[in-house]
Amino acid sequence: MPVCKSWDARRGGKFSQVLGRGLSEDPGDIDVLAWHLDGRVMLLECEDLQFAKTPSEIAKQLSKFRGKTDEKGRPDLLARHFEARKADK
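Encoded structure:
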């Protein structure tokens, strides 16, 4: 379904479908795949904030998706996706 004149998007999908090959580790589903006529592509992660009621609860939940590691070197949920992609290159 078109988002605007030059963007298109699709809900849901697997990384293996987008890449056209299997991966050594399943990084999960792609919530939204969007592509532009000029070749840009976006993979979007959607989170359900239904149970986060206050700004601090929302911030705490979203802080798990920054693409960083914690003080012990453990990757957050977004960084896990990045690591899986690097391993498959």
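Residue numbering for the sequence shown follows my numbering, beginning at 304 and increasing consecutively.
Cβ coordinates follow ideal geometry from the N, Cα and C atoms, glycine included.
Contacting residues, own chain, Cβ-Cβ under 8 Å from residue i (five flanking each side not counted)
{"i": "Gly376", "result": "none"}
Per DSSP, the bridge partner or partners of residue i
{"i": "Ala312", "result": "Ala337"}
{"i": "Asp332", "result": "Lys317"}
{"i": "Lys372", "result": "The residue asked about is misnamed: residue 372 is Thr in this sequence, not Lys. According to DSSP, Thr372 bridges with Pro378."}
{"i": "Leu346", "result": "Leu336"}
Residue i vs residue j beta-carbon contact at 9 Å
{"i": "Glu386", "j": "Phe368", "result": "no"}
{"i": "Leu336", "j": "Ala312", "result": "yes"}
Contacting residues, own chain, Cβ-Cβ under 7 Å from residue i (five flanking each side not counted)
{"i": "Lys371", "result": "Asp379 and Ala382"}
{"i": "Ser366", "result": "none"}
{"i": "Phe318", "result": "Leu326, Pro330 and Ile333"}
Extent of the continuous beta strand (DSSP E) run through residue i
{"i": "Leu326", "result": "No beta strand (DSSP E) holds Leu326; DSSP gives it neither H nor E."}
Range covered by the alpha helix (DSSP H) that runs through residue i
{"i": "Gln364", "result": "Pro358 to Leu365"}
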